[in-house]
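Asks:
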Amino acid sequence: MSANDTYQTPLASRYASKEMKEIFSARTRASTWRKLWLNLAEAEKELGLDISDEAIEQMKANLVMTDKCFQTAAEEEKKRRHDVMAHVHAFGQVAPKAAGIIHWGATSCYVTDNSDLIFQRDALDLLLPKLATIIHKLKEFAREYKDLPTLGYTHYQPAQLITVGRRAAQWVQDLVMDLEDISKVRSDLRFRGAQGTTGTQASFMEIFHGDGAKIDKLNELLCAKAGFHSCYAISTQTYTRKVDLRIANAVSAFGDTVQRITSDIRHLAAQKEMEEPFEKDQIGSSAMAYKRREGISQTNPRRHC
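Residue numbering for the sequence shown follows UniProt numbering, starting at 1 and increasing by one per position.
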């Protein structure tokens, strides 16, 4: 069956970059779960738990989720009725020496929530340099046209003269604010770590015989292996969803800025003050061959969001 035979959201198929789609793909998610299980096993072994070198090596050799592994996981889920445990068993089939220690002491959110934090971090790391590039290019545009007069509007009615460069500088200022906000949520992002089923670390207290210092060290190791500087001080079964809200707010504010910029361009195009490039074979309308539709500005708000 082709991908064209099933529903696909245009947010992915039409507007998302290849790199962004890979970050949130099913293969990346399942492979990240396996990497998190490997990280946990390595850290637990380092802290004295009985985990063999062979178990670690088998896990390392099978981190990438293959199509066959997806099939195995689907078959396991029919039996287990649990998505994470289906993947635990599927991993154990290709790493049999590790089957008994995969997910040792963890809860489902060890892999699901920590993975989400990794994906959000990687997505922000992909977004930030692109935003910085937009700012740089618009800054150069503003400088180039800083003395070119144009009509300013209030309430979409002719008002007073400004310059093309000044209008672009307004866009740049908003984008810089977005860059600052997104950079802040990125720098504040932390890891959930290994907190047990309700955030009390009870399961890890049991396997480490009440040694809280080892659990603290376990989380230090897990953070380092996943590329985070620290864990959130308090988590329940999940990390606080305020994290998701902060990221969504910062990214949606960037989307608002892009919407404002492209709406300005479309309005200016209607007045023949500013236009997008129109390519040789481009078609502006299926019914009106003369129409010069602002295709980039029409789709870019969704692309950048």
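Where a beta carbon is used, it is the ideal one built from N, C-alpha and C, also for glycine. Note that the coordinates shown come from a computational prediction; the quantities given were computed from them, not determined experimentally.
#1: Could you please give the first and the last residue of the uninterrupted alpha helix (DSSP H) stretch that includes E96?
#2: Give me the DSSP bridge partner(s) of Q157.
#3: Check each candidate in A95, S17, G105 and name the one with the smallest Cα separation from L49.
#4: Thinking just about the alpha-carbon of each residue, which of P129, R166, G152 is nearest to the one in A142?
#5: What three-state label does DSSP hand I265 in the structure shown?
#6: If you count every other CB in all the chains shown that lies within 10 Å of the CB of H87, and 16 or more means buried, which is it?
#7: In the structure shown, what three-state DSSP assignment does T163 receive?
#8: Assuming A98 and Q58 are in contact, meaning their beta carbons sit under 8 Å apart, how far apart are those beta carbons, in whole angstroms?
#9: Rounded to whole angstroms, what's the CA-CA distance from H229 to R192? Just pull it up for me.
#10: Tell me whether V258 is buried or exposed, calling it buried when 16 or more other Cβ atoms sit within 10 Å of its Cβ.
#11: Does the beta-carbon distance from D83 to E75 come in below 8 Å?
#12: What span of residues does the alpha helix (DSSP H) with M205 cover, start to end?
#13: Buried or exposed for A95, going by 16 or more other Cβ atoms inside 10 Å?
#14: Taking the beta carbon of Y110 as the centre, do at least 16 other beta carbons fall within 10 Å, making it buried, or is it exposed?
#15: If you count every other CB in all the chains shown that lies within 10 Å of the CB of A184, and 16 or more means buried, which is it?
#16: Roughly how far, in whole angstroms, is the beta-carbon of L189 from the beta-carbon of R121, given that I think they are within contact range, below 8 Å?
#17: Could you round the C-beta distance between T107 and Q201 to whole angstroms and report it? I think they count as a contact, below 8 Å.
#18: Do you know how far the Cα of Q157 is from the Cα of T6?
#19: In or out: H304 buried (at least 16 other Cβ within 10 Å) or exposed?
#20: On the criterion of 16 or more Cβ atoms from any shown chain inside 10 Å, does I101 qualify as buried, or is it exposed?
Replies: Quick answer:
#1: Reading the sequence shown from its first residue, position 96 is the one you call residue 96. The residue you asked about is not Glu; residue 96 is Pro in the sequence shown. Looking at the DSSP string, P96 is not in any alpha helix (DSSP H), and its letter there is neither H nor E.
#2: Mapped onto the sequence shown, residue 157 falls at position 157. Answer by DSSP bridge pairing, in chain order: T154.
#3: Locating residue 49 in the sequence shown gives position 49, where the first residue counts as 1. Of all alpha-carbon atoms in A95, S17, G105, the one lying nearest the alpha-carbon of L49 is that of G105.
#4: The residue you call residue 142 lines up with position 142 of the sequence shown. Residue R166 holds the alpha-carbon nearest to the alpha-carbon of A142 among P129, R166, G152.
#5: Counting from one through the sequence shown, the residue named residue 265 turns up at place 265. I265 falls in the helix class under three-state DSSP.
#6: The sequence position of residue 87 within the sequence shown is 87, counting from 1. H87 is buried by the Cβ-count criterion.
#7: Numbered from 1 along the sequence shown, position 163 holds the residue referred to as residue 163. Residue state, collapsed to three classes: strand.
#8: The count along the sequence shown starts at 1 and reaches residue 98 at position 98. The count along the sequence shown starts at 1 and reaches residue 58 at position 58. Confirmed, Cβ separation roughly 5 Å.
#9: Stepping through the sequence shown from its first residue, residue 229 is reached at position 229. Stepping through the sequence shown from its first residue, residue 192 is reached at position 192. Straight-line Cα distance between these residues: approximately 11 Å.
#10: As a position in the sequence shown, residue 258 is number 258, starting the count at 1. Label assigned to V258: buried.
#11: For the purposes of this step, residue 83 is identified with residue 83 of the sequence shown, where counting begins at 1. For the purposes of this step, residue 75 is identified with residue 75 of the sequence shown, where counting begins at 1. No, the Cβ-Cβ distance between D83 and E75 is not below 8 Å.
#12: Start at 1 with the first residue of the sequence shown, and residue 205 comes out as number 205. Counting along the chain, the alpha helix (DSSP H) containing M205 begins and ends at 202-207.
#13: Here residue 95 refers to the residue found at position 95 when the sequence shown is read from its first residue. The C-beta of A95 has 16 or more other C-beta atoms within 10 Å across all chains shown, which makes the residue buried.
#14: Residue mapping note: residue 110 aligns to position 110 of the sequence shown, counting from 1. With 16 or more other Cβ atoms within 10 Å, it is buried.
#15: As a first step, residue 184 must be located in the sequence shown, where it is residue number 184. The residue asked about is misnamed: residue 184 is Lys in this sequence, not Ala. When all chains shown are included, K184 counts as exposed.
#16: The residue given as residue 189 occupies position 189 in the sequence shown. The residue given as residue 121 occupies position 121 in the sequence shown. Contact flag correct, Cβ pair sits at about 5 Å.
#17: Stepping through the sequence shown from its first residue, residue 107 is reached at position 107. Stepping through the sequence shown from its first residue, residue 201 is reached at position 201. Distance from T107 to Q201 at the Cβ level is roughly 11 Å; contact not present, criterion being Cβ atoms closer than 8 Å.
#18: Taking the sequence shown and counting its residues from 1, the one referred to as residue 6 is at position 6. Taking the sequence shown and counting its residues from 1, the one referred to as residue 157 is at position 157. The alpha-carbon separation between T6 and Q157 amounts to approximately 47 Å.
#19: Working through the sequence shown from its first residue, we reach residue 304 at position 304. Unreliable positioning characterises H304 in this predicted model, as indicated by a pLDDT of 44, which lies under 50. A coordinate reading is not provided.
#20: For the purposes of this step, residue 101 is identified with residue 101 of the sequence shown, where counting begins at 1. Counting Cβ neighbours within 10 Å, I101 comes out buried, since at least 16 surround it.
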